[in-house]
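Shown next, in structure tokens, is the structure this report addresses.
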Amino acid sequence: MSDRTEELQGRIKQAMASDSPLQIQAGGSKSFLCRQTTAQPLSVKGHSGIINYDPTELVLTARAGTSLKEIEQTLAASQQILPFEPPFFDDGATLGGAIATGLSGPIRPFTGSARDYVLGCQIINGKGEILKFGGQVMKNVAGYDVSRLMVGAMGTLGLLLEISIKVLPAFPNQLYLQQSHPPQEALRFMRRLSSQNLPLSGLAYEGDKVHIRLAGSGSAVKAAAAKIGGEQPADDPFWHELKEQTHAFFDGELALWRLSLPAATAYLNLPGKQLIDWGGALRWLKSDEPSRNLFQLAAGCAGHARLFRGGEADLDRIQPQLPAMRAIHQKIKHSFDPHGILNPGQLYSGF
Amino acid sequence: MDKKALIAALREILPASQVLDSTEAQRPFECDGLSAYHRLPLVTVLPEQQEQVQAIVRLCHQNRIPLVARGAGTGLSGGALPDENGVLLSLAKFNRIVDIDPDNLCATVEPGVRNLAISEAVADKGLYYAPDPSSQIACSIGGNVAENAGGVHCLKYGLTVHNIMALKVITTDGELLTIGGKTYDSPGYDLLALMTGSEGLLGIIMEVTVKLLPQPERKQVILAAFDDIGKAATAVGDIIAAGIIPAGLEMMDRLAIQAAEDFCHPGYPLDAEAILLCEIDGNNEEVSERIMQLRQVLDRTGPMHFATAETEAQRQQFWAGRKAAFPAVGRISPDYYCMDGTIPRRHLPQILKRIAELAAGCGLNVANVFHAGDGNLHPLILYDANQPGELEQAEQLGAEILELCIAVGGTITGEHGVGIEKIDQMCSQFAAAELSQFHALKNAFDPAGILNPGKAVPSLHRCAELGAMHVHHGQLPHPELERF
Numbered sequence: 001m002s003d004r005t006e007e008l009q010g011r012i013k014q015a016m017a018s019d020s021p022l023q024i025q026a027g028g029s030k031s032f033l034c035r036q037t038t039a040q041p042l043s044v045k046g047h048s049g050i051i052n053y054d055p056t057e058l059v060l061t062a063r064a065g066t067s068l069k070e071i072e073q074t075l076a077a078s079q080q081i082l083p084f085e086p087p088f089f090d091d092g093a094t095l096g097g098a099i100a101t102g103l104s105g106p107i108r109p110f111t112g113s114a115r116d117y118v119l120g121c122q123i124i125n126g127k128g129e130i131l132k133f134g135g136q137v138m139k140n141v142a143g144y145d146v147s148r149l150m151v152g153a154m155g156t157l158g159l160l161l162e163i164s165i166k167v168l169p170a171f172p173n174q175l176y177l178q179q180s181h182p183p184q185e186a187l188r189f190m191r192r193l194s195s196q197n198l199p200l201s202g203l204a205y206e207g208d209k210v211h212i213r214l215a216g217s218g219s220a221v222k223a224a225a226a227k228i229g230g231e232q233p234a235d236d237p238f239w240h241e242l243k244e245q246t247h248a249f250f251d252g253e254l255a256l257w258r259l260s261l262p263a264a265t266a267y268l269n270l271p272g273k274q275l276i277d278w279g280g281a282l283r284w285l286k287s288d289e290p291s292r293n294l295f296q297l298a299a300g301c302a303g304h305a306r307l308f309r310g311g312e313a314d315l316d317r318i319q320p321q322l323p324a325m326r327a328i329h330q331k332i333k334h335s336f337d338p339h340g341i342l343n344p345g346q347l348y349s350g351f
Numbered sequence: 352m353d354k355k356a357l358i359a360a361l362r363e364i365l366p367a368s369q370v371l372d373s374t375e376a377q378r379p380f381e382c383d384g385l386s387a388y389h390r391l392p393l394v395t396v397l398p399e400q401q402e403q404v405q406a407i408v409r410l411c412h413q414n415r416i417p418l419v420a421r422g423a424g425t426g427l428s429g430g431a432l433p434d435e436n437g438v439l440l441s442l443a444k445f446n447r448i449v450d451i452d453p454d455n456l457c458a459t460v461e462p463g464v465r466n467l468a469i470s471e472a473v474a475d476k477g478l479y480y481a482p483d484p485s486s487q488i489a490c491s492i493g494g495n496v497a498e499n500a501g502g503v504h505c506l507k508y509g510l511t512v513h514n515i516m517a518l519k520v521i522t523t524d525g526e527l528l529t530i531g532g533k534t535y536d537s538p539g540y541d542l543l544a545l546m547t548g549s550e551g552l553l554g555i556i557m558e559v560t561v562k563l564l565p566q567p568e569r570k571q572v573i574l575a576a577f578d579d580i581g582k583a584a585t586a587v588g589d590i591i592a593a594g595i596i597p598a599g600l601e602m603m604d605r606l607a608i609q610a611a612e613d614f615c616h617p618g619y620p621l622d623a624e625a626i627l628l629c630e631i632d633g634n635n636e637e638v639s640e641r642i643m644q645l646r647q648v649l650d651r652t653g654p655m656h657f658a659t660a661e662t663e664a665q666r667q668q669f670w671a672g673r674k675a676a677f678p679a680v681g682r683i684s685p686d687y688y689c690m691d692g693t694i695p696r697r698h699l700p701q702i703l704k705r706i707a708e709l710a711a712g713c714g715l716n717v718a719n720v721f722h723a724g725d726g727n728l729h730p731l732i733l734y735d736a737n738q739p740g741e742l743e744q745a746e747q748l749g750a751e752i753l754e755l756c757i758a759v760g761g762t763i764t765g766e767h768g769v770g771i772e773k774i775d776q777m778c779s780q781f782a783a784a785e786l787s788q789f790h791a792l793k794n795a796f797d798p799a800g801i802l803n804p805g806k807a808v809p810s811l812h813r814c815a816e817l818g819a820m821h822v823h824h825g826q827l828p829h830p831e832l833e834r835f
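As given, the protein sequences belong to chains G and E, one line each in that order. Residue numbers for the first sequence follow the numbering used here, beginning at 1 and rising by one. Residue numbers for the second sequence follow the numbering used here, beginning at 352 and rising by one.
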């Protein structure tokens, strides 16, 4: 646990002076999302430590290099959780990486995403300035919402130094259900459940099974389980395996695609195999279908695709943007990083 | 371009009846909910088609004419205050519900649709739109997005930013930009978050896709009365510490209780120094279990008494007093000034005490009505604008309260926005480099600076001039407070 702010600021100023781009790194647990570049690595490892945590405030502030494991253990000691279930992918995972990639786990449709829980942050922008936005309070509308803009920006707008996150009490009880359905019927069933006031915390479909996870007070989950019905295993390791992508579905050499679609989108007949999460809104696809086709297909469904693991290393991994949207992105990037030294090309090629 | 030429150009875009230039026709648009600030625009326009708005934006952009967008005008920070050299763009005619999509749990609406009208339109499908600002009968969704409006149920259900999925926005070059979609995320930067709460400085909102939630099976509310406001504040922390996230957790102090009781008789105890309203929702079994748990927690905090609403009518009555608190206070004082600071909850007792001291110091009364669960304060400073100097005194007290909020690690605005009202406190909240970053972002969207100029983000020059006043002899305000 130490504060490397000054040193990191120095490195960015140096990079700016010598016009040499940087590639920000921490635990490397999600580096498969990044493109190979020639930029100089800048590690934020060691810039770590929980700075402030008072369970009754439901807020935790930590340096970006703090491991997710340490944060979740600290929260667990007070029966609290990170409510967006961030995937680790390995033990090196840090808070900074979770926020820069903006990934959320299976609970996302029910409690919200990483960006929903960010309250404030401190960053170094591409000019080497240390800036603080948002704060440690639940509600804050002073100034533009720069903190949430950092979520999923892949480090292209600023190096994250500190992040304040809203946390929630842990669910006192969880229950698991499984029901077998053919694909179209499974999707309809998941939509039916989503539109009812049920204590859901996961709704996914794999093989021929709908996996249902309930979380809340004991009486709430029991009543909901009785209402929904189905097999009730004592535990369902599926949920952890889905979040961490250790489930057998994710094995094999085929590229892994992530399709984010309107939840009610019908089952898509695609080459390869699929696992459906988020009650229908997230379709994981193991396939060798060309990128172009999948980007087109996702756009046709009013959604977007992302090459998550594997595939061709030099292509854009994210759904291409319309020209007007790309222009706005470039201007925003320029406003934070006019010299283009922070993670160039890590979101889109060209900036 | 002079006023005459501007009006002629606008009449090319719109029928004459939708271009208002007389003083009397424009009077209703001279202010928003913060009526202490008012001024007339050069001209007011009321378009009803998207193409008309695009043409108006292009005209203003080409001629560098300030453009201020306005929804229902219920804002409390002067965000919709017109520019005397510019065009006021009313979006009131855009009041259609475009699409209700129960399968994807969302609805797409035009910006002039009232907040409550959304929930009413989807009620028969068992759904609702969660954010419920107190002005929800009147305020429009476009304004809610521009200000990132909250409400009494934020603690559990979040602010506007957590409850919208997509926006259609007209940028200063007149182009239509679609941000987000009926998906849970979007590729690239989170422009949805950036636009939400940007107070009309980055674009004109033309369409909003809101997230809908299934209505809870049951709601129950507890009213707890305390003989000491500090005890009530401590109870708030105890409830959270027990792992309970109420749907709403509101506090009112003695003055607010009395005003509300006189106004609409919700049955509040008049002998209490403070009351807490705590609502639990969910399925039937969950509500029963949580209410039991809540009663145990409250019992240990030493209340005078507490009661669970026995019927749905009584539940609504308990809330009616809270929701009517602002107009109720309006009856006991000729004018009031509503503040909106947010603080870390643990400082509640200390800050409430300090506010009372500051108020006593200048001879003004303050009623406190607020979202205790979020630490979002709404001190209402009572004054009489007809008494010379009282408005200035109220504003001075308000500024001191906001400085207090900053000093304990809080913010100057939780849900009402900066607008024109808190522009000077932005200089205390942010350093020069941060304000410069805001200006750079603004420049990415609106390089000519025509959208809502002079609001939300102060110029560095303005802050430099203020700075000389803020720091006396190198000492920050309120040195006695613990800082973060």
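Note that beta-carbon positions come from the ideal geometry of N, C-alpha and C, so glycine has one too. It should be emphasised that the depicted structure is a prediction, and the values quoted were computed from it without experimental measurement.
Glycine 825 (chain E) to proline 798 (chain E), Cα distance in whole Å? On the second sequence, position 474 is the one that residue 825 (chain E) refers to. On the second sequence, position 447 is the one that residue 798 (chain E) refers to. The predicted model places glycine 825 (chain E) with a pLDDT of 42, which falls under 50 and marks its position as unreliable, so this point remains unresolved.
Specify, as a first and last residue, the run of the beta strand (DSSP E) that lysine 273 (chain G) falls within. As a working mapping, residue 273 (chain G) is identified with position 273 in the first sequence. That run of the beta strand (DSSP E) goes 273–277.
Can you tell me which of the three DSSP states glutamine 826 (chain E) falls into? Within the second sequence, residue 826 (chain E) is the residue found at index 475, counting from 1. Confidence at glutamine 826 (chain E) is low in this model, with a pLDDT of 49, below 50, so the placement of that residue is unreliable and no value is reported for it.
Cβ closer than 7 Å: which chain G residues qualify as neighbours of phenylalanine 781 (chain E)? Position 430 of the second sequence, counted from the start, is the residue given in the question as residue 781 (chain E). Neighbours of phenylalanine 781 (chain E) on chain G, chain order: Gly143.
Sort E:Ser486, E:His513, E:Leu385, E:Met352 by Cα distance to valine 438 (chain E) and report the nearest one. Taking the first residue of the second sequence as position 1, residue 438 (chain E) is located at position 87. Nearest C-alpha to valine 438 (chain E): E:Met352.
Which residues, taken in chain order from the segment 120–145 of chain G, show a beta carbon closer than 8 Å to some beta carbon of chain E? Asn125, Glu129, Ile130, Leu131, Lys132, Phe133, Gly135, Gln136, Val137, Met138, Lys139, Asn140, Val141, Ala142, Gly143, Tyr144, Asp145
So is glutamine 647 (chain E) buried or exposed if we call it buried at 16+ other beta carbons inside 10 Å? Here the question's residue 647 (chain E) lines up with position 296 in the second sequence. So glutamine 647 (chain E) ends up on the exposed side.
Candidates G:Leu168, G:Tyr205, G:Gly143, G:Thr66, of which the one nearest arginine 283 (chain G) by Cα: Reading the first sequence from its first residue, position 283 is the one you call residue 283 (chain G). Comparing Cα-Cα distances from arginine 283 (chain G) to each of G:Leu168, G:Tyr205, G:Gly143, G:Thr66, the minimum goes to G:Tyr205.
Proline 344 (chain G) to lysine 286 (chain G) span [Cα, whole Å]: Start at 1 with the first residue of the first sequence, and residue 344 (chain G) comes out as number 344. Start at 1 with the first residue of the first sequence, and residue 286 (chain G) comes out as number 286. Taking the straight line joining both Cα atoms gives about 28 Å.
Please give the ranges of any beta strand (DSSP E) in the segment 669–740 of chain E, keeping only runs that are unbroken, at least 3 residues long and fully inside the region. At a cut-off of 3 residues, the continuous stretches assigned as beta strand (DSSP E) that sit fully inside the segment 669–740 of chain E are 686–689, 716–721, 730–734.
Tell whether a beta-carbon distance below 8 Å holds between arginine 641 (chain E) and isoleucine 595 (chain E). Taking the second sequence and counting its residues from 1, one reaches residue 641 (chain E) at position 290. Taking the second sequence and counting its residues from 1, one reaches residue 595 (chain E) at position 244. Against a cut-off of 8 Å, the Cβ pair of isoleucine 595 (chain E) and arginine 641 (chain E) comes out as a contact.
Proximal residues to isoleucine 318 (chain G) (C-beta, below 6 Å), its chain only, five neighbours per side dropped: If you number the first sequence from 1, residue 318 (chain G) lands on position 318. Within the same chain, isoleucine 318 (chain G) has close Cβ partners Arg306.
Check whether the Cβ of histidine 513 (chain E) lies closer than 8 Å to any Cβ atom in chain G. The sequence position of residue 513 (chain E) within the second sequence is 162, counting from 1. Closer than 8 Å to the CB of histidine 513 (chain E) there is at least one CB belonging to chain G.
Quick check on proline 366 (chain E): buried or exposed, where buried means 16 or more other Cβ atoms within 10 Å of its Cβ? Locating residue 366 (chain E) in the second sequence gives position 15, counting from the first residue. The residue is exposed, with fewer than 16 neighbouring Cβ atoms inside 10 Å.
Return yes when the Cβ of valine 118 (chain G) is within less than 8 Å of the Cβ of valine 146 (chain G), no when it is not. If you number the first sequence from 1, residue 146 (chain G) lands on position 146. If you number the first sequence from 1, residue 118 (chain G) lands on position 118. No, they are not a contact pair.
Is DSSP giving valine 759 (chain E) helix, strand or coil here? Numbered from 1 along the second sequence, position 408 holds the residue referred to as residue 759 (chain E). Note: valine 759 (chain E) maps to coil in three-state DSSP.
Which of helix, strand or coil DSSP assigns to threonine 523 (chain E): Taking the first residue of the second sequence as position 1, residue 523 (chain E) is located at position 172. Threonine 523 (chain E): coil per DSSP, three-state reduction.
Which of helix, strand or coil DSSP assigns to serine 219 (chain G): Position 219 of the first sequence holds residue 219 (chain G). Serine 219 (chain G) falls in the helix class under three-state DSSP.
Could you check whether the Cβ of asparagine 173 (chain G) sits closer than 8 Å to any Cβ belonging to chain E? Your numbering for residue 173 (chain G) matches position 173 in the first sequence. Output row for asparagine 173 (chain G): interface = no.
Compute the distance between the beta-carbons of glutamine 23 (chain G) and leucine 42 (chain G), then report whether it is under 8 Å. The residue labelled residue 23 (chain G) in the question sits at position 23 within the first sequence. The residue labelled residue 42 (chain G) in the question sits at position 42 within the first sequence. Contact flag set, yes.
Quick one: Cα of glycine 65 (chain G) to Cα of histidine 47 (chain G), how far? As a working mapping, residue 65 (chain G) is identified with position 65 in the first sequence. As a working mapping, residue 47 (chain G) is identified with position 47 in the first sequence. Approximately 5 Å between the Cα atoms of the pair.
Report the start-end ranges of each beta strand (DSSP E) in the segment 454–526 of chain E that is 3 residues or longer and not cut off at the edges. 457–460, 515–521
What's the call for asparagine 269 (chain G), buried or exposed, on a 16-neighbour Cβ count within 10 Å? Working through the first sequence from its first residue, we reach residue 269 (chain G) at position 269. Exposed, since its Cβ has fewer than 16 Cβ neighbours within 10 Å.
Can you confirm whether threonine 534 (chain E), when its beta carbon is compared against all beta carbons of chain G, has any partner nearer than 8 Å? Residue numbering aside, residue 534 (chain E) sits at position 183 when the second sequence is read from its first letter. Interface residue, yes.
Whose C-beta lies closer than 7 Å to the C-beta of alanine 745 (chain E) among residues of the same chain, with five residues either side of it excluded? The count along the second sequence starts at 1 and reaches residue 745 (chain E) at position 394. Tyr688, Leu715, Ile732, Tyr734.
Select from the segment 449–461 of chain E all residues with a C-beta closer than 9 Å to any C-beta belonging to chain G, and list them in chain order. Asp452, Pro453, Asp454, Asn455, Leu456, Cys457
In the structure shown, what three-state DSSP assignment does proline 169 (chain G) receive? Sequence index remark: in the first sequence, residue 169 (chain G) carries index 169 (1-based). Looking at proline 169 (chain G) - three-state DSSP - the assignment turns out to be strand.
Terminal residues of the beta strand (DSSP E) in which alanine 431 (chain E) lies: For the purposes of this step, residue 431 (chain E) is taken as residue 80 along the second sequence, with counting starting at 1. DSSP places alanine 431 (chain E) outside any beta strand (DSSP E), giving it a letter other than H or E.
Between isoleucine 358 (chain E) and chain G, is the shortest Cβ-Cβ distance under 8 Å, so that the two count as touching? Here residue 358 (chain E) refers to the residue found at position 7 of the second sequence. Taking Cβ atoms only, chain G never reaches closer than 8 Å to isoleucine 358 (chain E), which makes this a no.
From this set, E:Gln701, E:Ala592, E:Ile694, E:Thr662, which residue's C-alpha is nearest glycine 761 (chain E)'s C-alpha? The residue labelled residue 761 (chain E) in the question sits at position 410 within the second sequence. Each of E:Gln701, E:Ala592, E:Ile694, E:Thr662 was checked against the Cα of glycine 761 (chain E), and the nearest Cα belongs to E:Ile694.
Within chain G, the residues that threonine 547 (chain E) reaches when beta carbons sit closer than 8 Å: The residue you call residue 547 (chain E) lines up with position 196 of the second sequence. By Cβ distance, chain G contributes Asp145.
What does DSSP give as the partner residues of tryptophan 257 (chain G) in its beta bridges? Locating residue 257 (chain G) in the first sequence gives position 257, counting from the first residue. Note: tryptophan 257 (chain G) sits in a beta bridge opposite G:Leu285, G:Leu307.
Step through the CB atoms of chain G and report whether any lies within less than 8 Å of the CB of valine 769 (chain E). As a first step, residue 769 (chain E) is located in the second sequence; it is residue number 418 there, counting from the start. True, the Cβ-Cβ gap to chain G drops below 8 Å.
Taking the CB atoms as reference points, tell me whether threonine 395 (chain E) and serine 441 (chain E) lie closer together than 8 Å. Taking the first residue of the second sequence as position 1, residue 395 (chain E) is located at position 44. Taking the first residue of the second sequence as position 1, residue 441 (chain E) is located at position 90. Yes, they are a contact pair.
Would glycine 333 (chain G) be called buried (16 or more neighbouring beta carbons within 10 Å of its own) or exposed? For the purposes of this step, residue 333 (chain G) is identified with residue 333 of the first sequence, where counting begins at 1. The question names glycine, but residue 333 (chain G) in the sequence shown is lysine. Looking at its Cβ environment, which holds 16 or more other Cβ atoms inside 10 Å, lysine 333 (chain G) is buried.
Just the Cα atoms here: how many angstroms apart are threonine 547 (chain E) and glutamate 162 (chain G)? The count along the second sequence starts at 1 and reaches residue 547 (chain E) at position 196. The count along the first sequence starts at 1 and reaches residue 162 (chain G) at position 162. Straight-line Cα distance between these residues: approximately 23 Å.
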